[in-house]
Ligand SMILES: C[S@@+](CC[C@H](N)C(=O)[O-])C[C@H]1O[C@@H](n2cnc3c(N)ncnc32)[C@H](O)[C@@H]1O
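Numbering (this note's numbering), first residue to last: 5 to 293.
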């Protein structure tokens, strides 16, 4: 495979930026070559130049966009990633959510369906939303007393990559994937073994809904959320894009809602609307009413 010219590189990274907002600097040419070269043939191209030409003239279809998105997004994730945000979720956020369910059930006019809505913004292969669902299940079992049930919770899981989204929907993980973050006890409680693989049980699956969504788009169509997990995605975007996304989170969060970012992400110089609270090692961003 021939090396990519700088001109072709520029065209390809501009295309990636336009479709999903991911910024690739001059130092990432090796990465783009490494990820695009195995799919060049599938894209109907004989060289990077050929692809660059296709992209710049607009002569390409939806499938080309999908394949480039699937190749260029970084989907690294694990169950209970970084651990501490999930401790905060279990100990600080969930007691509040249980109370919200009770209060909302008391209001006769409250709509049917989940009483508390959560959003896993960049769900990747599903470990993040299923980790949230495992905690919800454990807390409901321990504290629900039959008055709060799993059906009172809904988790919307979104990602732009169709490849990871379909794996997330399948909810089927290999031994190495479950070993990253799950104790054998958690695994046995929430998964069904299928040969070497482990499949998320129906109790968790029932409250998680999957949808393809680009965070560069408007959020209003998605509704309102009590908790938003937006972890390890903002790092890929420009400050301007981060500002737009954070401001939209603020608007769609319910009063007193919670937002959790990735461990390497913060709002410094980006947004002043949120109130921050610390819980252990976790910074919790809140929209105080
Ligand atoms: C590193 S993973 C983070 C997974 C999970 N949140 C975690 O912290 O473990 C980043 C995810 O963001 C998704 N992504 C990248 N750009 C996106 C966009 N514009 N809209 C929605 N998802 C996007 C990628 O497909 C990828 O699955």
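The beta carbon of each residue, even a glycine, is placed where N, CA and C say it ideally should be.
Assumed close pair residue i, residue j - CB separation to whole angstroms, cut-off 8 Å
| i | j | result |
| --- | --- | --- |
| residue 159 | residue 124 | 6 Å |
| residue 263 | residue 253 | 6 Å |
| residue 178 | residue 200 | 7 Å |
| residue 9 | residue 45 | Going by Cβ atoms, the distance from residue 9 to residue 45 rounds to 19 Å, so no, they are not a contact pair. |
Span separating the alpha-carbon of residue i from that of residue j
| i | j | result |
| --- | --- | --- |
| residue 281 | residue 292 | 11 Å |
| residue 88 | residue 161 | 21 Å |
| residue 128 | residue 97 | 23 Å |
| residue 266 | residue 131 | 14 Å |
| residue 195 | residue 208 | 9 Å |
| residue 174 | residue 203 | 8 Å |
| residue 67 | residue 73 | 10 Å |
| residue 287 | residue 90 | 12 Å |
| residue 151 | residue 102 | 10 Å |
| residue 61 | residue 157 | 46 Å |
| residue 21 | residue 47 | 19 Å |
| residue 51 | residue 218 | 28 Å |
| residue 36 | residue 49 | 15 Å |
| residue 279 | residue 289 | 6 Å |
| residue 248 | residue 144 | 35 Å |
| residue 40 | residue 82 | 25 Å |
| residue 38 | residue 24 | 19 Å |
Proximity below 9 Å, CB of residue i to CB of residue j
| i | j | result |
| --- | --- | --- |
| residue 75 | residue 12 | no |
| residue 211 | residue 137 | yes |
| residue 230 | residue 258 | yes |
| residue 170 | residue 70 | no |
| residue 256 | residue 216 | no |
| residue 193 | residue 182 | no |
| residue 26 | residue 240 | yes |
| residue 85 | residue 235 | yes |
| residue 168 | residue 224 | no |
| residue 94 | residue 142 | yes |
| residue 149 | residue 140 | no |
| residue 99 | residue 233 | no |
| residue 245 | residue 222 | no |
Distance cut-off 8 Å: residue i Cβ against heavy atoms of ligand 1
| i | result |
| --- | --- |
| residue 163 | yes |
| residue 4 | Given a span of 5 to 293 for the chain in the structure shown, any question on residue 4 remains unanswerable. |
| residue 80 | yes |
| residue 132 | yes |
| residue 252 | no |
| residue 240 | yes |
| residue 217 | yes |
| residue 170 | no |
| residue 285 | no |
| residue 126 | yes |
| residue 160 | no |
| residue 1 | Lying before the first or after the last residue shown, residue 1 is absent from the chain, which here runs from 5 to 293. |
| residue 296 | Only positions 5 to 293 of the chain appear in this structure, which leaves residue 296 out of reach. |
| residue 224 | no |
| residue 290 | no |
| residue 72 | no |
| residue 229 | no |
| residue 49 | no |
| residue 85 | yes |
| residue 25 | yes |
| residue 266 | yes |
Neighbour flag for residue i against chain C, beta carbons, 9 Å
| i | result |
| --- | --- |
| residue 185 | As a matter of chain content, chain C is missing from the structure shown, which is built from one protein chain. |
beta-carbon residue i near ligand 3 non-hydrogen atom, thresh 8 Å
| i | result |
| --- | --- |
| residue 256 | Among the ligands present in this structure, namely ligand 1, ligand 3 is not found. |
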